[in-house]
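Quick note, the sequence shown lines up with residues -22 to -1, 1 to 126 if you use mature numbering (1 follows the signal peptide of the UniProt record, and there is no 0). Even glycine gets a Cβ: it sits at the ideal position worked out from N, Cα and C.
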Amino acid sequence: MLRMTPLASAIVALLLGIEAYAAEETFDTHFMIGGMKDQQVANIRLDDNQPLPGQYDIDIYVNKQWRGKYEIIVKDNPQETCLSREVIKRLGINSDNFASGKQCLTFEQLVQGGSYTWDIGVFRLDFSVPQAWVEELESGGDAANLLI
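Printed below as a string of structure tokens:
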């Protein structure tokens, strides 16, 4: 059996009596990019289907075809996020039959019975739109050539 020397006993007693003081842990959000920059980390709930409010550079696909990288500003309520008519035209989605007064269409309005999915982990947004509303790119075409 091991015996504790008086010096060892004194050291243990001294260490047990000391309160541990630690600095409050913080996380520097300046290292974060996209919509998460300058957010309160304690309030963050990560969900690929509900991106955080903010500005993102997103790869957009229409019916599984890449249409380009666009800057998207996600609003506080992601369902209210919308795209301008100019961006919609560049994506190759026909917006002629939409309400003429609207300059910005929500994703629900844009897909016209189709669907959309976010994959924020890879900064991707997929639109599944009825084929009748999609202007196909020519073989070897580029979404940037749709600019008018």
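Work out the CA separation of N72 and R63 for me, nearest whole Å.
Between the alpha carbons of R63 and N72 lies a gap of roughly 10 angstroms.
Since residue 135 and C60 are thought to touch, with beta carbons under 8 angstroms apart, how far apart are those beta carbons, to the nearest angstrom?
No information on residue 135 is available, as it lies outside the stretch -22 to 126 that the chain covers here.
Could you compute how far the alpha carbon of L103 sits from the alpha carbon of G79?
Inter-residue distance for L103 and G79 is about 26 angstroms (C-alpha atoms, whole angstroms).
Skipping 5 residues on each side, what residues in its chain have a beta carbon closer than 7 angstroms to that of P108?
Q90, G91, G92
Which residue wins for smallest C-alpha separation from residue 161, given the options S106, I36, L(-21), I(-12)?
Because residue 161 is not part of the residues shown, which for the chain are -22 to 126, the question remains open.
In or out: R45 buried (at least 16 other Cβ within 10 Å) or exposed?
buried
Opposite I98 in the DSSP bridges: which residues?
I98 pairs with nothing; no bridge assigned.
Out of W96, D54, K53, S106, point me to the one whose CA is closest to G70's CA.
S106
Could you tell me the alpha carbon to alpha carbon distance between Q39 and N55, rounded to whole angstroms?
Just to set this straight, residue 39 is Tyr in the shown sequence, not Gln. The alpha-carbon atoms of Y39 and N55 are separated by roughly 22 angstroms.
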